[in-house]
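Chains as they are written, first to last, in our numbering: chain W, 198 to 311; chain V, 3 to 115.
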Amino acid sequence: DGGITQSPKYLFRKEGQNVTLSCEQNLNHDAMYWYRQDPGQGLRLIYYSQIVNDFQKGDIAEGYSVSREKKESFPLTVTSAQKNPTAFYLCASHRDRYGNQPQHFGDGTRLSIL
Amino acid sequence: DAKTTQPPSMDCAEGRAANLPCNHSTISGNEYVYWYRQIHSQGPQYIIHGLKNNETNEMASLIITEDRKSSTLILPHATLRDTAVYYCIVSIIFSGSARQLTFGSGTQLTVLP
Chain W
198 DGGITQSPKY LFRKEGQNVT LSCEQNLNHD AMYWYRQDPG QGLRLIYYSQ
248 IVNDFQKGDI AEGYSVSREK KESFPLTVTS AQKNPTAFYL CASHRDRYGN
298 QPQHFGDGTR LSIL
Chain V
3 DAKTTQPPSM DCAEGRAANL PCNHSTISGN EYVYWYRQIH SQGPQYIIHG
53 LKNNETNEMA SLIITEDRKS STLILPHATL RDTAVYYCIV SIIFSGSARQ
103 LTFGSGTQLT VLP
């Protein structure tokens, strides 16, 4: 079945450590997104990518980095510069760079601080 | 950017229709309305979207008012599995193509047995 796979489901970070969250899609979607969700709140955009080897900052990019070397993969690194990383991280994608096709989401990664 | 307003919570009896309202009075002419739902600790699930015509799919119906300032999501026969937070979203366009979905607080729908 086609879909978006995020791993791991749960992740723990130590002080000063960088961690990488995986997002893979087999939907042949062009655009991919990373969102952060805090308890009781909506989603906030971290980074997005419309095509391979190109990505743009969202509203809360500080302390995060991404890469888009392959169409199907868009990993997110939470760096030690992100002082409040505890949150639920969601990856999404949609079919084309233009138009209004809906974004589809993975099941998320919950990141906590040790 | 267009913002949406939804009631924080609603109850619905199992088997009855659930009607979830959304106000988006500042929506612009080319912005779509999307509905998603989220069950605790899972990713949001796409339900339906529309521009100005009413839409129906296997999950729900979307009724958009003629002035596009509000819409209603209808789940025709609610089941216990429909208990979730429902988000009404107007997409914000980044750089002409990429689209940010701004999720607000949503409506917690509880389907009662």
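Beta carbons: idealized from backbone N, C-alpha and C, even for Gly.
Between GLN247 (chain W) and ALA228 (chain W), the gap from beta carbon to beta carbon is short of 8 Å. In the structure shown, the three-state DSSP call for ARG83 (chain V) is helix. Beta-bridge partners assigned by DSSP to MET229 (chain W): W:SER246 and W:SER290.
Distances from the CA of GLY106 (chain V) to each of W:GLN253, W:ASN281, W:GLY239 and W:PRO299 were compared; the closest alpha carbon is that of W:GLY239. Under the Cβ criterion of 8 Å, GLN222 (chain W) is not counted among the residues facing chain V. Inclusion of LEU311 (chain W) and ARG210 (chain W) in the CB contact set at 8 Å is warranted, their separation being smaller than that value.
For SER73 (chain V), the enclosing beta strand (DSSP E) stretches over residues 72-77. Not a single CB atom of chain V sits nearer than 8 Å to the CB of HIS226 (chain W).
Runs of the alpha helix (DSSP H) lying entirely within the stretch 7-53 of chain V, each at least 4 residues long, are absent. Residue environment: SER290 (chain W) is assigned as buried (16 or more neighbouring CB atoms within 10 Å of its CB, all protein chains considered). Around THR85 (chain V), the same chain offers ILE41, LEU111, THR112 and VAL113 as residues with beta carbons nearer than 8 Å, after the five sequence neighbours per side are excluded.
Where THR202 (chain W) is concerned, the enclosing beta strand (DSSP E) starts and stops at 201-204. Using a CB distance cut-off of 8 Å, PRO23 (chain V) does not count as an interface residue toward chain W. Collapsing the DSSP output to three states places GLN253 (chain W) in a strand.
Under a 10 Å Cβ-count criterion, HIS79 (chain V) is classified as exposed, with fewer than 16 other Cβ atoms of the shown protein chains found around its own Cβ.
At a Cβ-Cβ threshold of 8 Å, ALA19 (chain V) and ILE76 (chain V) count as neighbours.
Residues of chain W with a Cβ closer than 9 Å to the Cβ of SER107 (chain V) are, in chain order, GLY237, GLN238 and GLY239. Using a Cβ-Cβ cut-off of 8 Å, GLY200 (chain W) does not count as an interface residue toward chain V, since no Cβ of chain V sits closer than that to its own.
For LYS268 (chain W), same chain residues with a beta-carbon under 6 Å away, outside a window of 5 residues either side, are VAL249 in chain order. About 6 Å separates the beta carbons of LEU308 (chain W) and THR283 (chain W), which is inside the 8 Å limit, making them a contact pair. Residue state for SER63 (chain V) is assigned as strand, using DSSP reduced to three classes.
As DSSP reads the structure, SER262 (chain W) sits in a beta bridge with W:THR274.
In terms of CA proximity to CYS24 (chain V), V:LYS71 leads the group V:GLN102, V:THR104, V:LYS71 and V:VAL87.
Not one beta carbon of chain V lies nearer than 8 Å to the beta carbon of LEU218 (chain W).
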